[in-house]
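Read the structure below first, then the notes.
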Amino acid sequence: MESLFTFGEKINQAADRALKLCSDKFKEIDSIQEYNEQKMLKAFQKAQITLASFAGSNGYGYDDSGRDRLDEVYAYVFDAEDALVRHNFASGTHTLTVALFGMLRPGDEMMCVTGMPYDTLQPVIGIKDSSGSLKEFGVSFSKVDLKNGKPDIQGIYDNVRNDIKMIYIQRSRGYDTRDALTYDEIKEICDTVRMKAPDAIIMLDNCYGEFIDKNSPLNAGVDIMAGSLIKNAGGGIAQTGGYIAGRKDLVEMCSYRLTTPGTGKEIGCSLNTLRDMYLGAYFAPIVTANALKTVAFSAALFEVLGYDVTPKYDAQRADIIEIIKLGTPEKVEAFCRGIQKASFIDSNVTPYPAPMPGYDSDVIMAAGAFTLGSSIELSADAPLREPYNVYLQGGLSFNTAKIGIMSAAQEIEDLKSIQ
Ligand SMILES: *Cc1c(COP(=O)(O)O)cnc(C)c1O
0 MESLFTFGEK
10 INQAADRALK
20 LCSDKFKEID
30 SIQEYNEQKM
40 LKAFQKAQIT
50 LASFAGSNGY
60 GYDDSGRDRL
70 DEVYAYVFDA
80 EDALVRHNFA
90 SGTHTLTVAL
100 FGMLRPGDEM
110 MCVTGMPYDT
120 LQPVIGIKDS
130 SGSLKEFGVS
140 FSKVDLKNGK
150 PDIQGIYDNV
160 RNDIKMIYIQ
170 RSRGYDTRDA
180 LTYDEIKEIC
190 DTVRMKAPDA
200 IIMLDNCYGE
210 FIDKNSPLNA
220 GVDIMAGSLI
230 KNAGGGIAQT
240 GGYIAGRKDL
250 VEMCSYRLTT
260 PGTGKEIGCS
270 LNTLRDMYLG
280 AYFAPIVTAN
290 ALKTVAFSAA
300 LFEVLGYDVT
310 PKYDAQRADI
320 IEIIKLGTPE
330 KVEAFCRGIQ
340 KASFIDSNVT
350 PYPAPMPGYD
360 SDVIMAAGAF
370 TLGSSIELSA
380 DAPLREPYNV
390 YLQGGLSFNT
400 AKIGIMSAAQ
410 EIEDLKSIQ
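Heads up: the sequence shown is residues 0 to 418, going by numbering that gives the first Met the number 0.
Structure representation (structure tokens):
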């Protein structure tokens with residue numbers, strides 16, 4: 000097709016080559032997308048969604064059947080007994096926090112079996128001291144580290160005990176360089192945990208993991224999982240929110256924390272959020288597939304251009320993050336400039352590195368998103384430190400996200416001609 004965006008010959012040729020390399024991967028992603036779209040269609044039909052389901056409610060939100068049916072939709076697609084899907088969840092971290100405080104009690108131990116949890120969870124747990132942490136409420140934390148970037152199955156077997164209340168698994172890499180966990184890896188962890196702790200609650204941080212394959216982690220032995228609606232699960236349409244899904248008794252405990260013991264899921268008005276959330280659910284498998292294609296293409300393109308990338312374009316993916324090892328701060332900045340330039344929103348803005356709370360080096364971020372902070376939309380960020388990796392994620396639509404990736408590559412290419 001004739002392109003409205005011009006790139007140098009080198010980038011055009013590399014992109015053609017990258018697309019050819021990705022052709023089998025794209026077929027596989029198409030098949031995952033189609034399956035998950037069908038499952039979503041069944042979910043809507045089963046929950047009998049009608050136009051009236053979008054109406055929303057105010058005040059206490061009693062008898063908000065649109066809100067309750069949205070829970071049913073997500074419960075169905077995730078093979079969960081029950082789900083709690085609410086715009087009131089302010090972020091993924093907040094959703095996970097509600098789940099943790101909902102289920103854990105003073106004297107309980109929470110053990111993370113995938114090493115150190117995501118940065119923003121550390122003050123919640125009390126790994127970093129913070130007022131109001133789980134630690135302050137008498138919940139202790141322990142962990143089993145990863146081994147060579149993979150779950151240490153023997154270490155898990157050796158350390159898990161039946162008096163541990165919760166076993167916690169983080170699926171996505173976060174800001175680590177390890178791989179995200181596939182369904183099979185999650186299953187292996189759960190099977191191992193169950194040998195030692197048949198009664199423990201197995202909880203999964205499923206951020207970025209929704210709709211990336213055909214199976215739900217709840218079928219792998221996970222009891223309850225949570226994630227953000229401004230990542231995969233909200234399809235780029237939900238403007239805020241999160242979900243918790245899994246065993247009915249556990250979802251109920253979480254709902255008591257979100258609202259109050261006794262009222263749980265019965266209250267909480269949905270205002271005017273429901274149509275966006277339903278439309279987001281509809282788009283979630285489609286948009287996640289587009290993001291998967293975008294990151295696979297970026298892996299192929301930068302590999303063709305001679306960079307080290309992880310995961311490889313043909314790897315089995317379990318999240319929508321790509322790490323590209325650019326090696327110099329100039330290239331990291333150029334990459335982010337290129338992504339920003341090719342965005343739908345804020346394309347005239349130039350990103351610069353700046354200090355960020357919680358980081359010991361400057362951080363640069365590129366995002367031209369419809370929803371502030373949405374990382375299902377094409378975005379890139381990087382701490383300005385060795386080894387100068389850039390983290391790329393998202394892409395609502397492959398066709399235009401591809402322009403963003405090529406623009407990033409071109410911006411790096413142009414550095415050479417300046418030097
Ligand atoms: C994004 C993410 C979170 C937290 O989500 P926020 O919406 O940024 O609070 C937690 N865990 C993992 C693995 C994530 O990727």
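Note that the Cβ used here is the ideal one computed from N, Cα and C, for glycine as well.
> Can you round the beta-carbon distance between isoleucine 322 and threonine 176 to whole angstroms, since I take them to be within the 8 angstroms contact cut?
Replying inline: Within the sequence shown, the letter at position 323 stands for residue 322. Within the sequence shown, the letter at position 177 stands for residue 176. For a cut-off of 8 angstroms, the C-beta gap from isoleucine 322 to threonine 176 is around 6 angstroms, short enough to register as a contact.
> Should cysteine 111 be listed as close to ligand 1, given that the test is whether its C-beta is under 7 angstroms from any heavy atom?
Replying inline: The sequence position of residue 111 within the sequence shown is 112, counting from 1. No - ligand 1 has no heavy atom lying nearer than 7 angstroms to the Cβ of cysteine 111.
> Nearest to tyrosine 242 by alpha carbon, out of Ser130, Thr92, Gln44, Gly305?
Replying inline: Reading the sequence shown from its first residue, position 243 is the one you call residue 242. Taking tyrosine 242 as reference, the option from Ser130, Thr92, Gln44, Gly305 with the minimal CA-CA separation is Thr92.
>> Since tyrosine 59 and isoleucine 266 should fall inside the 8 angstroms C-beta cutoff, what is the C-beta to C-beta distance between them, to a whole number of angstroms?
In response: For this step, residue 59 is matched to residue 60 along the sequence shown. For this step, residue 266 is matched to residue 267 along the sequence shown. About 5 angstroms separates the two Cβ atoms, so the contact holds.
> Can we say the segment 90-109 touches the segment 246-254, given the rule of at least three CB pairs closer than 8 angstroms?
Replying inline: The segment 90-109, when compared against the segment 246-254, does touch it at the 8 angstroms Cβ threshold.
> Are three or more beta carbon pairs between the segment 105-112 and the segment 132-148 nearer than 8 angstroms?
Replying inline: yes
> Taking the continuous alpha helix (DSSP H) assigned at arginine 66, which residues delimit it?
Replying inline: Along the sequence shown, one-based indexing puts residue 66 at 67. Arginine 66 -> alpha helix (DSSP H) spans 64-76.
> Going by the beta-carbon positions, is the gap between tyrosine 156 and methionine 194 smaller than 8 angstroms?
Replying inline: By one-based count along the sequence shown, residue 156 stands at place 157. By one-based count along the sequence shown, residue 194 stands at place 195. Cβ distance < 8 angstroms, so tyrosine 156 and methionine 194 count as in contact.
> In terms of residues, what are the limits of the beta strand (DSSP E) holding isoleucine 201?
Replying inline: Here residue 201 is taken as the residue at index 202 of the sequence shown, counted from 1. 200-204 is the extent of the beta strand (DSSP E) around isoleucine 201.
> In terms of alpha-carbon separation, which member of Gly173, Gly240, Lys164, Met102 lies closest to phenylalanine 88?
Replying inline: Taking the first residue of the sequence shown as position 1, residue 88 is located at position 89. Phenylalanine 88 has its Cα closest to that of Gly240, out of Gly173, Gly240, Lys164, Met102.
> What is the DSSP secondary structure of glycine 420, counted as helix, strand or coil?
Replying inline: This structure cannot settle anything about residue 420, because the visible part of the chain is limited to 0 through 418.
>> What would DSSP say about arginine 274, mapped onto helix, strand or coil?
In response: Your numbering for residue 274 matches position 275 in the sequence shown. Here arginine 274 sits in helix by DSSP.
> Should glycine 444 be listed as close to ligand 1, given that the test is whether its C-beta is under 7 angstroms from any heavy atom?
Replying inline: In the structure as shown, the chain starts at 0 and stops at 418, and residue 444 therefore has no counterpart that could be examined.
> Are phenylalanine 334 and alanine 232 closer than 8 angstroms when you measure CB to CB?
Replying inline: Residue numbering aside, residue 334 sits at position 335 when the sequence shown is read from its first letter. Residue numbering aside, residue 232 sits at position 233 when the sequence shown is read from its first letter. Going by C-beta atoms, phenylalanine 334 is not nearer than 8 angstroms to alanine 232.
>> In the DSSP output, what is lysine 149 paired with across the bridge?
In response: As a first step, residue 149 is located in the sequence shown; it is residue number 150 there, counting from the start. DSSP output for lysine 149 lists Lys146 as bridge partner(s).
>> Taking 8 angstroms as the threshold (C-beta atoms), are arginine 336 and proline 350 in contact?
In response: On the sequence shown, residue 350 is found 351 positions in, with the first residue counted as 1. On the sequence shown, residue 336 is found 337 positions in, with the first residue counted as 1. Annotated as proximal: proline 350 and arginine 336, with beta-carbon spacing under 8 angstroms.
> Using CA coordinates, which residue listed in Glu412, Tyr306, Thr113 is at the minimum distance from glutamine 153?
Replying inline: Stepping through the sequence shown from its first residue, residue 153 is reached at position 154. Taking the Cα of glutamine 153 as reference, the smallest distance to any Cα among Glu412, Tyr306, Thr113 is reached at Thr113.
> With respect to the alpha helix (DSSP H) encompassing methionine 102, which residues constitute its N-terminal and C-terminal limits?
Replying inline: Along the sequence shown, one-based indexing puts residue 102 at 103. Start and end: 91-102.
>> Which runs of the alpha helix (DSSP H) at least 4 residues long sit entirely within the segment 18-65? Give them in chain order.
In response: 22-45
> In angstroms, rounded to a whole number, what distance separates the CA positions of lysine 38 and isoleucine 338?
Replying inline: Taking the sequence shown and counting its residues from 1, the one referred to as residue 38 is at position 39. Taking the sequence shown and counting its residues from 1, the one referred to as residue 338 is at position 339. Their Cα atoms are separated by approximately 33 angstroms.
> Quick one: does the C-beta of tyrosine 167 sit closer than 7 angstroms to a heavy atom of ligand 3?
Replying inline: Ligands displayed in this structure: ligand 1; ligand 3 is not among them.
>> Restricting to Cα atoms, I'd like to know which of Ala290, Asp151, Tyr61 is closest to isoleucine 188.
In response: Residue 188 sits at position 189 when you count from the first residue of the sequence shown. The shortest C-alpha separation from isoleucine 188 is found at Asp151.
> Is the beta carbon of lysine 134 less than 8 angstroms from the beta carbon of glycine 125?
Replying inline: The sequence position of residue 134 within the sequence shown is 135, counting from 1. The sequence position of residue 125 within the sequence shown is 126, counting from 1. It is a contact, given that the beta carbons lie within the stated cut-off.
> Mind checking whether glycine 367 and isoleucine 229 have CB atoms under 8 angstroms apart?
Replying inline: Within the sequence shown, residue 367 is the residue found at index 368, counting from 1. Within the sequence shown, residue 229 is the residue found at index 230, counting from 1. Their beta carbons are not under 8 angstroms apart, which means glycine 367 does not touch isoleucine 229 by this criterion.
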